[in-house]
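J.: Submitted below is the structure of interest, expressed as structure tokens.
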Amino acid sequence: QTPVIAVSAVSSKKERDESFKCGFKDYLTKPFDADQLIRTILRLTKRPIPIASKTGNVHSAHL
122 QTPVIAVSAV
132 SSKKERDESF
142 KCGFKDYLTK
152 PFDADQLIRT
162 ILRLTKRPIP
172 IASKTGNVHS
182 AHL
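Take the sequence shown: its position 29, counted from the start at 1, is 150 in the numbering used here, and no numbers get skipped.
Listed below in structure tokens is the structure:
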């Protein structure tokens, strides 16, 4: 089953709880950066988080 991540500009607990009730596996509040999204995807898909490159960013490391 593919995990689905809710993305919203609303950061209320009620909105987050409703998303989980609807079947979302995680909730990100906008704005978010690429590292946060990639780490969430890797965690939900149970893939190891790659060692970051010299910049320290996951998205610049080889996935």
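Yeah, the Cβ is synthetic: ideal placement off N, Cα and C, and Gly gets one too.
Going along the chain, which residues of its own chain have a beta-carbon closer than 7 Å to the beta-carbon of Arg-168, five neighbours each way excluded?
T.: Hits under 7 Å: none found.
J.: Can you list, in chain order, the residues of its chain whose CB lies under 6 Å from that of Ala-127, leaving out five sequence neighbours each side?
T.: Ser-140, Phe-145 and Tyr-148.
J.: Could you please give the first and the last residue of the uninterrupted beta strand (DSSP E) stretch that includes Ser-129?
T.: 126-129 is the span of the beta strand (DSSP E), which, as asked, contains Ser-129.
J.: With DSSP as the reference, label Thr-161 as helix, strand or coil.
T.: Helix at Thr-161.
J.: DSSP three-state label for Asp-154, please.
T.: If DSSP states are grouped into helix, strand and coil, Asp-154 belongs with coil.
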